[in-house]
Each structure stands twice: as C-alpha cells, then as structure tokens.
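Sequence order for the protein chains is A and B. Just so you know, we're using the numbering used here here: the first sequence kicks off at 34 and counts up by one. Just so you know, we're using the numbering used here here: the second sequence kicks off at 34 and counts up by one. No residue lacks a Cβ here, since even glycine has one placed at the ideal position from N, Cα and C. All values reported here derive from a predicted model rather than from experimental measurement.
2 protein chains.
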Amino acid sequence: MSRAIVITSARNPLLKEVRRALAKGTLTEDGLCVAETFHLLEEALKSGLETPVVIAAESVREPVERQIGSLQGVRLLTVADAVYQEISATEAAQGVMALVRPQRWSFEHVFRGRSLVVVLDGVQDPGNAGTMVRASEAFGATGMLWLKGTVSPWNAKALRASAGSLFRVPVMEGLDAGMVRAALKQRRVDVYTAVPRGGVALHEADLTRRCALVIGSEGRGISHGMNGAGVDLHIATSGVESLNAGLAAGILLYEAWRQRATA
Amino acid sequence: MSRAIVITSARNPLLKEVRRALAKGTLTEDGLCVAETFHLLEEALKSGLETPVVIAAESVREPVERQIGSLQGVRLLTVADAVYQEISATEAAQGVMALVRPQRWSFEHVFRGRSLVVVLDGVQDPGNAGTMVRASEAFGATGMLWLKGTVSPWNAKALRASAGSLFRVPVMEGLDAGMVRAALKQRRVDVYTAVPRGGVALHEADLTRRCALVIGSEGRGISHGMNGAGVDLHIATSGVESLNAGLAAGILLYEAWRQRATA
Chain A
34 MSRAIVITSA RNPLLKEVRR ALAKGTLTED GLCVAETFHL LEEALKSGLE
84 TPVVIAAESV REPVERQIGS LQGVRLLTVA DAVYQEISAT EAAQGVMALV
134 RPQRWSFEHV FRGRSLVVVL DGVQDPGNAG TMVRASEAFG ATGMLWLKGT
184 VSPWNAKALR ASAGSLFRVP VMEGLDAGMV RAALKQRRVD VYTAVPRGGV
234 ALHEADLTRR CALVIGSEGR GISHGMNGAG VDLHIATSGV ESLNAGLAAG
284 ILLYEAWRQR ATA
Chain B
34 MSRAIVITSA RNPLLKEVRR ALAKGTLTED GLCVAETFHL LEEALKSGLE
84 TPVVIAAESV REPVERQIGS LQGVRLLTVA DAVYQEISAT EAAQGVMALV
134 RPQRWSFEHV FRGRSLVVVL DGVQDPGNAG TMVRASEAFG ATGMLWLKGT
184 VSPWNAKALR ASAGSLFRVP VMEGLDAGMV RAALKQRRVD VYTAVPRGGV
234 ALHEADLTRR CALVIGSEGR GISHGMNGAG VDLHIATSGV ESLNAGLAAG
284 ILLYEAWRQR ATA
C-alpha cells in the first residue's frame with residue numbers, strides 16, 4: 034500500500050461528512066459510526082462488523098496498515114496530519130478513525146433468554162451513556178433500549194467510554210416510550226425504574242427474573258412517558274443524596290449479575 | 034454588604050495564590066482548598082469547616098451573599114467578572130469559589146469501628162478519584178488512605194466529582210506505601226487488592242470483617258509498593274476485560290455495604 038494517495042483538503046466530500054457526524058455526535062448519512070483511536074479500530078475489526086473505510090493521518094499510516102493487515106473490504110484513506118486534526122473530535126488525536134456499520138438489532142435480540150434489559154430514558158452525558166453500555170456487556174445485559182431524548186450512542190465520547198462494547202451489545206435507539214412500555218408489558222418483563230429514594234432497595238429486589246432497569250436523565254430523572262412503568266428502585270446509601278448516573282447504573286447491573294450468578 | 038469593594042486586578046496576592054492552587058490542583062500555601070460552584074459552597078458551609086474566604090464574581094454577588102447569610106467568620110471578596118474568569122478552573126464558571134480548610138484526620142478516624150478503608154494507590158484521574166470519595170461516603174467507608182503518586186484530593190475536578198463528600202470523609206493523603214502496609218497489618222485488617230482478573234471473585238469474598246480495598250492506577254494497576262499486600266480481588270464479568278476505575282471501585286464498595294447490611 035506504499036502507493037497511497039494522501040488527501041490534503043478537508044473539503045473532500047467523505048471527510049466533510051465525517052466531520053459533520055463527529056460534530057453532531059451521530060451516524061454519517063450513510064449510517065456509519067465514526068470510531069476514533071487505535072483501540073476502537075481494533076475493536077471494530079475484531080467485531081466482524083462492516084468497516085468500509087479507515088482514515089489515517091499520514092504520520093501513523095504504517096501502524097494503521099499493520100493493524101488492518103490483510104483484511105478484505107477495508108479501504109485505507111490517508112490524509113495529511115493537519116487535515117486529520119481538522120476533522121477529529123479529540124484534541125489529543127491518535128490519528129486514526131474507522132467508519133463502522135453498526136449491526137441492526139430487533140426486540141428479538143434484546144429480549145432473548147432470561148432478559149436483562151437496560152432502558153435509557155433521557156441520559157444526556159455521553160460518557161455516562163457509554164459507561165452504561167460497558168457495564169451492560171460486563172454484567173450480561175441482553176440488550177439496551179434508548180428512548181427518544183437520550184444522547185446518541187454514536188457520539189464519539191459515548192463510543193470511547195463504551196470501549197468497544199457498542200459494537201457488541203444489542204442497542205436499539207430513538208424509541209418511543211409508549212412503544213417500549215407496550216413491548217415490556219407484552220413480554221411480561223419486571224420493570225424497575227431507578228430513583229434516588231423511595232420504592233424498594235436494590236439489594237432487596239429480586240432481579241433474577243426477566244427484568245428491565247430504567248435509567249432516567251442526570252438532571253430530571255425518569256421521564257413523564259416512563260413514569261409509573263414499573264416499581265421504583267433505589268440504591269440504599271449512608272446519607273449521600275445521589276450517585277453519579279454511570280456509577281448507579283453500573284451498580285444496578287452488578288447486583289442483577291450477582292443475584293443471577295448465585296441464585 | 035452593599036458597600037463591597039470590587040477587586041479588578043488578578044494580581045491581588047490572594048487571587049494569585051488561588052489561581053496557582055487551581056492550576057496545580059492542590060491546596061493553597063495556607064492549606065486551604067478551593068471549592069468552586071454554588072453547590073460546593075453550600076456543602077462547605079453545611080460541613081461546618083472553616084471557610085475564611087468566599088470569592089464571588091460581581092454579577093453573582095447577591096445570590097452568594099444570600100447563601101452565606103449571617104454566618105460568622107466568612108469574608109466575601111467580590112471580583113470583577115473578567116478577573117473571576119481569569120482565576121477560575123472551569124470554562125463555564127458559575128462565579129463563586131469558597132476557600133475551605135479541610136479537617137486533619139488521623140488513623141484513629143480512618144480505622145474506627147468495623148473499618149472499611151479505601152486505599153488509593155496511584156489513581157491518576159481526578160474525576161475517578163472524586164467518584165471514589167463519593168462512593169466511599171455512600172457505602173459507609175470509614176476512611177481513605179491516598180498514597181504518594183495519587184492525584185491530589187484537592188484538585189478542582191476531584192472535589193467536584195466528590196460532590197462535597199471530600200468535606201466529610203476522613204481522607205489522609207501523601208502516604209508512604211510501607212507505612213500504610215504496617216498500619217494495616219498492625220490493625221489486623223483484611224487487605225484486598227483490586228485486579229482485573231485472578232484471585233477471589235468479589236461476590237465470593239467476605240467483606241463483613243474489618244477490611245481495606247486497594248485501588249491501583251488506571252494504567253498500571255497496583256504499585257510495586259503495595260504488591261502482595263493482600264488478597265487479589267476481581268469483579269467477575271461476562272468477557273469484558275476492564276471496567277472504568279471509578280465504576281469498579283464503586284461496585285467494590287457497594288458489595289461491602291450490601292454484605293454488611295444483610296449479614
């Protein structure tokens with residue numbers, strides 16, 4: 034690949050579209066997510082997902098080439114370092130981004146087996162949301178339902194915080210609260226809505242049955258649309274009023290995992 | 034207090050020292066921590082800690098005055114908005130910072146009762162460290178020992194992530210690993226070192242006895258100095274290699290709390 038052409042203008046149509054997606058924190062118009070860093074490139078390639086394009090800054094072309102190796106169907110696009118910096122979402126950029134086509138998931142994936150479903154109901158911080166995906170994978174959640182009003186999973190920060198879990202965990206996004214409530218009801222899933230206080234304490238809830246954990250927004254909690262969808266659930270603490278949303282969701286998932294492992 | 038004098042130069046000696054402390058992420062030379070935001074001001078005043086000075090940007094002087102109310106011994110310093118912005122550590126500053134004298138803690142505080150002690154062994158990210166303080170308070174840790182090489186608790190980001198818990202949780206900092214190992218041994222505390230894999234699984238460990246949880250650095254894990262200080266402990270997961278350090282520490286603490294609540 035030593036004959037690579039180096040793109041020296043950020044006005045290249047593909048690069049313009051990548052920059053737009055990164056700035057908006059969404060998929061490209063072609064439905065690809067933009068995964069920056071060597072680690073996410075590796076995770077993307079390992080995942081087996083379609084990765085039609087990898088963009089490398091000129092100065093790191095060789096390690097990127099080595100990482101791609103002899104994989105078929107991956108086009109390597111080399112851009113001048115200054116151009117890379119212009120389109121990148123991170124200040125200390127490593128100089129590599131993969132365009133990856135996320136798998137399309139359905140309720141059948143999310144609700145498979147003894148379901149443990151995480152419903153994101155307005156989570157705003159992409160770092161928190163990504164941490165929740167990571168914890169979902171770590172503790173065996175069968176899938177995630179992201180309601181309208183929640184940050185996009187394909188935001189660069191969410192993708193980084195998920196450390197690649199977003200390439201593997203069944204995630205459906207942009208969902209209507211009413212439709213999700215109906216789906217939960219129809220499948221007879223126990224629904225728990227996470228609240229700062231009130232309802233049942235986490236360690237006293239039975240999470241060994243098919244269940245869904247609803248996580249509200251950092252500022253406003255559970256939305257009007259999901260209000261009353263299930264039993265309120267809180268993490269008992271020693272006087273602290275609230276925990277970081279990512280930590281709280283992680284603890285809920287750990288507890289479900291622990292109960293299922295020891296039941 | 035309508036006769037307040039407004040400082041219009043950042044060269045004022047106190048302001049220079051505050052800016053230096055914020056930039057370095059440490060206490061001021063006078064041993065005060067700089068707590069920015071209305072929330073931390075409120076937490077500082079509620080804590081009863083000595084708060085000799087509150088600095089307010091001119092445009093928010095009135096709400097700051099209201100919050101201080103008739104408290105004795107608090108000097109309000111009003112500065113021009115541009116000066117405030119110059120010394121502040123945050124981009125979207127709220128215009129208020131309190132200078133607070135942290136309590137000095139000893140081993141007697143940290144090891145009181147049925148000890149649950151968190152040892153930070155090289156944690157680098159101030160957000161992670163602050164989250165760990167928050168979780169320590171939430172789940173009833175008796176205190177924290179911060180070893181040399183760990184970020185300062187008085188870093189602005191750590192303080193913010195702790196959401197005020199740093200004003201209440203017994204924290205000793207800058208400690209020597211050998212000295213801490215000796216203290217743990219002398220007090221016959223069960224020591225667990227958190228590792229990504231190997232050793233005992235968290236949900237199978239008995240954390241109801243007096244114990245210490247050692248959390249290593251995000252990149253390098255447990256330090257040479259603490260290596261072998263206790264039993265390795267990991268969080269069993271479904272194939273995920275690692276969790277965010279703040280989340281992992283929070284789950285360890287939740288599990289200790291849960292076991293002690295249900296024992």
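What does residue i reach in chain B if we use C-beta pairs closer than 7 angstroms?
i              : result
S139 (chain A) : Going along chain B, no residue has its Cβ under 7 angstroms from S139 (chain A), so there is no contact; the nearest lies around 21 angstroms.
T270 (chain A) : A171 and F172
In whole angstroms, what is the alpha-carbon distance linking residue i and residue j?
i              : j              : result
S35 (chain B)  : E69 (chain B)  : In this prediction, S35 (chain B) has a pLDDT of 46, which is less than 50 and means its spatial position is unreliable; nothing more can be read from the coordinates.
S271 (chain B) : P46 (chain B)  : 55 angstroms
G180 (chain A) : E50 (chain A)  : Strictly speaking, residue 180 (chain A) in this sequence is Leu, with Gly absent from that position. Between L180 (chain A) and E50 (chain A), the C-alpha separation is close to 25 angstroms.
A90 (chain A)  : T111 (chain A) : 6 angstroms
A216 (chain B) : E62 (chain B)  : 29 angstroms
G279 (chain A) : Q292 (chain A) : 20 angstroms
V151 (chain A) : R201 (chain A) : 15 angstroms
A281 (chain B) : V228 (chain A) : 21 angstroms
F172 (chain A) : Q219 (chain A) : 25 angstroms
V97 (chain B)  : L74 (chain B)  : 9 angstroms
T226 (chain A) : V204 (chain B) : 34 angstroms
S139 (chain B) : L240 (chain B) : 23 angstroms
R108 (chain A) : A56 (chain A)  : 23 angstroms
V273 (chain A) : E141 (chain B) : 23 angstroms
G258 (chain B) : N188 (chain A) : 39 angstroms
S198 (chain A) : A126 (chain A) : 21 angstroms
A122 (chain A) : V93 (chain B)  : 34 angstroms
C66 (chain A)  : V166 (chain B) : 35 angstroms
E206 (chain A) : I88 (chain B)  : 44 angstroms
L3 (chain A)   : L60 (chain B)  : Chain A is shown from 34 up to 296; residue 3 (chain A) falls before or after that span and cannot be answered.
Report the neighbours of residue i on chain A: residues whose CB is nearer than 9 angstroms to its CB, in chain order.
i              : result
H236 (chain B) : Y287, W290, R291, A294 and T295
T164 (chain B) : L276, N277, G279 and L280
Since residue i meets chain B, which of its residues come closer than 9 angstroms, beta carbon to beta carbon?
i              : result
S198 (chain A) : V273
Which bits of chain B does residue i rub up against, with CB to CB less than 8 angstroms?
i              : result
L276 (chain A) : R167, A168, A171 and G283
Grab me the residues of residue i's own chain with a C-beta within less than 8 angstroms of its C-beta, minus the 5 sequence neighbours each way, in chain order.
i              : result
V184 (chain A) : G58, V156, Q157, D158, P159, A162 and A191
L82 (chain B)  : V133, R134, P135, Q136 and F200
T102 (chain A) : Note on identity: in this sequence residue 102 (chain A) is Gly, with Thr being the wrong assignment. Excluding positions up to five away in sequence, the list is empty.
I40 (chain B)  : L48, L110, T111, V112, A113 and V116
Measuring alpha carbon to alpha carbon, tell me which of the options ends up nearest residue i.
i              : options                           : result
V143 (chain A) : A:T123, A:E170 and A:E119         : A:E170
V86 (chain B)  : B:V39, B:Y117, B:I255 and B:R134  : B:R134
A77 (chain B)  : B:M130, B:A125 and B:E124         : B:M130
L153 (chain A) : A:L178, A:T164 and A:F140         : A:L178
R253 (chain B) : B:S275, B:A54 and B:H236          : B:S275
L104 (chain A) : A:T164, A:L235 and A:K79          : A:K79
A245 (chain A) : A:N277, A:V224, A:G261 and A:G258 : A:V224
N277 (chain B) : B:W138, B:V204 and B:G249         : B:G249
D209 (chain A) : A:H72, A:G182 and A:I255          : A:G182
T84 (chain A)  : A:G106, A:F71, A:Q100 and A:H72   : A:G106
A269 (chain B) : A:N260, A:T295, A:L60 and A:L235  : A:T295
Q118 (chain A) : A:A289, A:I38, A:E206 and A:L48   : A:L48
H72 (chain A)  : A:A54, A:L235 and A:G128          : A:G128
W290 (chain B) : A:N260, A:A234 and A:S256         : A:A234
Just to confirm my understanding: we take residue i, look at its own chain, exclude 5 residues before and 5 after, and list those with CB closer than 7 angstroms. What are they?
i              : result
G146 (chain B) : T175
A168 (chain A) : A282, G283 and L286
M212 (chain B) : none
G232 (chain B) : V264, D265, L266 and H267
A238 (chain A) : Y225 and L266
A54 (chain B)  : L60, T61 and V67
G64 (chain A)  : R134
E95 (chain B)  : none
With a CB to CB cut of under 6 angstroms and the five nearest residues on each side skipped, what residues in its chain are close to residue i?
i              : result
V116 (chain B) : A43
R52 (chain B)  : I120
T164 (chain B) : A194 and G279
R243 (chain A) : R147, S148 and V222
R214 (chain A) : A262
E288 (chain A) : L235
Using only the heavy atoms of the ligand FAD, determine whether one of them is closer than 7 angstroms to the beta carbon of residue i.
i             : result
R99 (chain B) : As for the ligand FAD, it is missing from this structure, which has no ligand bound.
Practice task
Enumerate, from N- to C-terminal direction, the unbroken beta strand (DSSP E) stretches of 3 or more residues contained entirely within the segment 83 to 139 of chain B.
Solution key: Runs of the beta strand (DSSP E) inside the segment 83 to 139 of chain B: 86 to 90, 108 to 112 and 129 to 133.
Exercise for the section: Please go through the segment 142 to 199 of chain A and give each complete beta strand (DSSP E) segment of 3 or more residues, from N-terminal end onward. Expected result: Fully enclosed beta strand (DSSP E) runs of 3 or longer: 149 to 154 and 176 to 180.
Practice task
Please go through the segment 209 to 263 of chain A and give each complete alpha helix (DSSP H) segment of 4 or more residues, from N-terminal end onward.
Solution key: Entirely contained in the segment 209 to 263 of chain A, the alpha helix (DSSP H) runs reaching 4 residues are, in chain order, 210 to 219.
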